[in-house]
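Input: a single structure, listed below in structure tokens.
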Amino acid sequence: MKITGEMLIGASAVRGTDATLRAFDPARNADLEPAFGGGGAAEVARACELADAAFDDYRHAPLETRAQFLEAIADNIIALGDTLIERAMAESALPKARLEGERARTVGQLRLFASLVREGRWLCATLDSAQPDRKPLPRADLRLQKIPLGPVVVFGASNFPLAFSVAGGDTASAFAAGCPVIVKSHPAHLGTSELVGRAVQKAVADSGLPEGVFSLIVGAGNAIGEALVAHPAVQAIGFTGSRRGGLALVDIAAKRPVPIPVYAEMSSINPVFVLPGALAARGDTLAAGYIDSVTLGVGQFCTNPGLVIGLEDSDLDDFIDNAAAALEKKGVQTMLTAGIASAYADGIKQRDGAAKRIATGAKGETASGARPALYRVSAEEFLARPQLAEEIFGPTSVIVVCRDEDEMIAVARSLEGQLTATLLMEQDDVELARRLLPVLERKVGRILANGFPTGVEVSYAMVHGGPYPATSDSRSTSVGAMAIERFLRPVCYQDLPAALLPEALADDNPLLLWRLRDGQLGPN
Ligand code: NAP
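Be aware that the sequence shown starts at 293, since it is given in this note's numbering, and climbs by one per residue.
Okay, structure coming up:
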């Protein structure tokens with residue numbers, strides 16, 4: 293499939309005339325063909341109006357049609373073959389195997405949402421029978437189901453050009469909920485976005501759905517994203533990226549005449565608590581695993597372990613020495629964009645002024661490169677310098693040395709909201725872990741033991757979320773089946789005649805859903 297540099301607005305491919313944008317190959321330090329035409333207010337308005345017009349037909353389409361649509365997107369992405377992988381490699385400098393894995397995850401999550409749509413539990417179909425004889429007052433017939441919010445705008449992330457982008461988790465969960473989606477193409481992977489966008493556009497047409505179910509907008513600078521968030525037809529936002537970008541969108545959404553929810557995933561340093569028993573039993577293996585996790589994907593993961601916290605003793609000293617030696621063997625690698633590489637370099641410069649650098653990755657000359665760096669501070673220093681708890685996006689981490697358990701708990705309490713927290717522990721660490729757990733539950737969306745946080749499973753029980761600033765709304769997740777909840781709201785139908793009731797709430801349960809009927813959960 294050929295990349296044309298056009299936007300996809302409903303069923304049309306449209307060349308924007310407000311600006312010219314080019315994708316960039318960070319490894320070769322060179323522009324990529326073709327030039328993209330950036331759109332403006334007219335294209336935003338057209339995409340939003342089409343989405344609004346498509347909403348009722350799309351949400352009322354049979355669940356089986358919706359499920360097959362999601363599966364068709366997955367099939368169309370696979371059919372793009374190496375063209376997609378090669379373009380994503382050129383635009384992101386990510387290796388082939390990583391992008392193939394990411395493609396598998398992307399189609400896997402589309403298929404997970406297809407099965408979720410068919411199963412229908414997310415509708416929360418609930419029936420409370422009328423009680424006409426109840427004293428002192430009769431009870432009405434009450435029935436509840438969840439319905440989609442309306443058109444959703446999705447901002448993809450630079451670091452996952454497939455799994456958190458055009459047909460990524462936000463889009464899949466919004467489609468599954470029954471919402472049309474307008475994607476703002478990420479400037480770092482314009483060509484990848486167009487290819488995937490065309491796969492979605494084809495699935496819309498082949499599924500017989502209204503064209504406004506999907507649009508892909510390209511634009512230069514923040515203005516186009518701001519216009520999308522402000523458009524009255526848009527009912528929710530999914531975003532993954534910087535704290536500054538996410539907060540700017542939250543602000544615009546809150547100031548609209550009708551404010552809307554923004555589900556922004558922003559920044560996290562993912563603390564790892566390395567407890568004494570684990571250090572004594574396998575400190576050297578843990579040090580190697582930690583540094584692999586810090587430098588994986590040039591540290592460009594929202595779940596990168598940017599902070600390790602341990603208790604002062606000789607085992608922790610050995611762990612730090614081993615981690616430093618492992619990091620020194622890691623070389624310079626190309627980051628996703630020149631801008632992200634320069635933000636990393638600035639972050640490291642500032643960190644050098646606040647903490648002791650104990651190891652630096654091997655020297656190397658690479659375009660848009662990042663050289664890994666490891667820091668050590670005392671808990672006292674960490675608590676006094678809040679900037680050490682801020683995310684630096686890239687292959688760097690800080691090790692905090694605590695005098696005792698109370699100080700470790702104090703460090704845990706001082707942290708901002710996080711996507712993850714990790715406990716590296718043995719059986720004899722259970723008591724300390726038990727003290728940490730309630731503190732961590734208040735801070736994070738996922739707590740893991742004896743692993744590293746990089747690597748997020750797409751499944752029913754996954755939570756990829758957490759209190760601010762990890763996200764703008766800690767009640768939700770952007771990965772896993774529960775992500776659908778963000779784009780739904782409950783509606784109660786009181787005493788509606790059978791002819792007007794939604795199928796999900798009909799007496800004879802024609803969709804064979806599991807429903808809560810008079811307090812009993814079952815296929816009733
Ligand atoms: P970003 O700069 O926040 O951009 C993400 C998307 O939002 C882009 O499409 C961007 O498009 C748009 N955008 C940003 N600010 C906006 C604003 N004020 N108004 C309207 N639209 C706006 O994030 P990024 O490019 O993915 O990476 C940059 C930094 O984000 C990284 O250095 C890292 O710190 C952080 N990051 C965090 C995560 C995470 O998972 N927590 C993931 C990736 C990146 P335009 O630039 O065209 O407006």
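Where is the CB? At the ideal position from N, CA and C, for every residue including glycine.
{"Check": "Residue span of the alpha helix (DSSP H) that contains glycine 639, given as start and end", "Outcome": "630 to 644"}
{"Check": "Pairwise C-alpha distance: arginine 403 and glutamate 363", "Outcome": "6 Å"}
{"Check": "Beta-carbon proximity list for aspartate 576, same chain, < 6 Å, skipping 5 on both sides", "Outcome": "Asn614"}
{"Check": "Own chain residues within Cβ distance below 7 Å of leucine 434, not counting five before or after", "Outcome": "Asp420, Cys784, Gln786"}
{"Check": "Simplified DSSP state of proline 326, which is helix, strand or coil", "Outcome": "strand"}
{"Check": "Presumed contact (8 Å Cβ cut-off) between glutamine 423 and arginine 431, rounded CB distance", "Outcome": "4 Å"}
{"Check": "Any non-hydrogen atom of the ligand NAP closer than 7 Å to methionine 558 Cβ", "Outcome": "yes"}
{"Check": "Enclosing beta strand (DSSP E) for phenylalanine 447 [first to last residue]", "Outcome": "444 to 447"}
{"Check": "Methionine 774 (DSSP reduced to helix, strand or coil)", "Outcome": "helix"}
{"Check": "Alpha helix (DSSP H) segments (min. 4 residues) lying fully within the stretch 508 to 564", "Outcome": "515 to 522, 535 to 547"}
{"Check": "Serine 764 classed as buried or exposed, judged by whether at least 16 other C-beta atoms fall within 10 angstroms", "Outcome": "buried"}
{"Check": "Selected residue, minimal CA-CA separation from glycine 308, among Phe316, Arg338, Pro549, Asp323", "Outcome": "Arg338"}
{"Check": "Between the CA atoms of glycine 533 and proline 440 - distance to the nearest angstrom", "Outcome": "25 Å"}
{"Check": "Arginine 426 - containing alpha helix (DSSP H), residue span", "Outcome": "Neither: arginine 426 is in no alpha helix (DSSP H) and is coded neither H nor E."}
{"Check": "N- and C-terminal bounds of the alpha helix (DSSP H) containing threonine 375", "Outcome": "373 to 384"}
{"Check": "Span separating the alpha-carbon of proline 745 from that of alanine 540", "Outcome": "28 Å"}
{"Check": "Bounding residues of the beta strand (DSSP E) (the contiguous stretch that carries phenylalanine 316)", "Outcome": "311 to 317"}
{"Check": "7 Å CB neighbourhood of glycine 538 in its chain, flanking five on each side removed", "Outcome": "Phe531, Ala556, Met558, Ser764"}
{"Check": "Pair within 8 Å by beta-carbon distance, alanine 468 and valine 409", "Outcome": "yes"}
{"Check": "Alpha-carbon spacing of methionine 774 relative to serine 606, whole angstroms", "Outcome": "43 Å"}
{"Check": "Glycine 245 beta carbon near the ligand NAP (any heavy atom closer than 7 Å)", "Outcome": "A query on residue 245 cannot be resolved here, the shown segment of the chain reaching from 293 to 816 and no further."}
{"Check": "Near the ligand NAP: tyrosine 487 beta-carbon under 7 Å from a heavy atom", "Outcome": "In the sequence as presented, tyrosine is not what sits at residue 487; that position holds leucine. For the ligand NAP, not one heavy atom lies less than 7 Å from the Cβ of leucine 487."}
{"Check": "Any non-hydrogen atom of the ligand NAP within 7 Å of serine 450 CB", "Outcome": "yes"}
{"Check": "C-alpha distance - alanine 319 paired with isoleucine 583, whole-angstrom precision", "Outcome": "23 Å"}
{"Check": "Selection from Gly661, Asp348, Ser465, Ile601 that minimises the alpha carbon distance to serine 384", "Outcome": "Gly661"}
{"Check": "Touch test, the stretch 578 to 598 against the stretch 727 to 747, Cβ-Cβ under 8 Å, three pairs minimum", "Outcome": "yes"}
{"Check": "Spatial distance of phenylalanine 405 from aspartate 367 (CA atoms)", "Outcome": "14 Å"}
{"Check": "Same chain, Cβ closer than 6 Å to phenylalanine 447, neighbours up to 5 away in sequence not counted", "Outcome": "Lys476, Phe531"}
{"Check": "Validate contact between the stretch 691 to 701 and the stretch 670 to 680 using beta carbons, cut 8 Å, 3 pairs", "Outcome": "yes"}
{"Check": "Buried or exposed (CB count within 10 angstroms, at least 16 for buried), lysine 388", "Outcome": "exposed"}
{"Check": "Spatially closest choice to glycine 645 from Ser507, Leu588, Arg677, by CA coordinates", "Outcome": "Arg677"}
{"Check": "Cβ-Cβ distance between valine 586 and serine 450 below 8 Å", "Outcome": "no"}
{"Check": "Stretch pair the stretch 344 to 357 + the stretch 455 to 466: three plus CB contacts closer than 8 Å", "Outcome": "no"}
{"Check": "Under 8 Å between C-beta atoms of isoleucine 691 and glycine 581", "Outcome": "no"}
{"Check": "The stretch 505 to 520 in contact with the stretch 326 to 340 per 3-pair CB rule at 8 Å", "Outcome": "yes"}
{"Check": "Beta-carbon proximity check, leucine 724 vs proline 563, cutoff 8 Å", "Outcome": "no"}
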